[in-house]
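Peer 1: Sharing a structure below in structure tokens format, with a few things to ask.
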Amino acid sequence: PSLVHTVQTFAGHEKAILDHVTNARAAVTSATAGKSVAQRSAAEKDLDTALVPLLALGQDYPQLNSSNNFLNLQENLADTENKLAFARQYYNDSVATLNRLVTTIPWMFVAPMTGVSEREYYQTPR
């Protein structure tokens, strides 16, 4: 909410950018509800793409770049991206371990009986 207010204050005519970011955030939120890893990855890629022009507004509007809310947004986005990169790496490491185990004895016999199967890797949205 404060992000939208901050950007709207300085760039009222950049509504298309804000709409794209809002729609991309909604897509990421809905993609986390039981969708496949590929769908979540695609939704996050769309959000990353939507954020690029939003952050570029700081160059078009120097007064926006000096806003504390906008600076906090940039810091929070960088911090969040770092956390997501760590989580993706952890997930992919876990998937690699699982995929290796389900092809070895005795797990290759136990896994199908318990419904465990190989998982797909999380592709980075870049």
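Take the sequence shown: its position 108, counting from 1, is numbered 103 in the working numbering, and each next residue is one higher. C-beta: ideal position from N, C-alpha, C; glycine also.
(1) Could you tell me how far apart the beta carbons of A28 and A45 are, in whole angstroms, since I believe they sit closer than 8 Å?
(2) Return the chain-ordered list of same chain residues with a C-beta closer than 7 Å to the C-beta of V141, the five sequence neighbours on each side being excluded.
(3) Quick one: what does DSSP say T75 is sitting in, helix, strand or coil?
(4) Hey, out of L50, S36 and R35, whose CA is closest to V16's CA?
(5) Classify R95: buried if its beta carbon has 16 or more other beta carbons within 10 angstroms, exposed otherwise.
(6) Can you tell me whether Y117 is buried or exposed? The criterion is at least 16 other CB atoms within 10 Å of its CB, across all chains shown.
(7) Going by the beta-carbon positions, is the gap between Q34 and A21 smaller than 8 Å?
(8) In or out: I12 buried (at least 16 other Cβ within 10 Å) or exposed?
Peer 2: This is what the structure holds:
(1) Their Cβ separation, rounded to whole angstroms, is 20 Å, which puts A28 and A45 out of contact at 8 Å.
(2) Given that the chain is displayed from residue -4 to residue 121, the structure contains no residue 141 and the question cannot be resolved.
(3) helix
(4) L50
(5) exposed
(6) buried
(7) no
(8) buried
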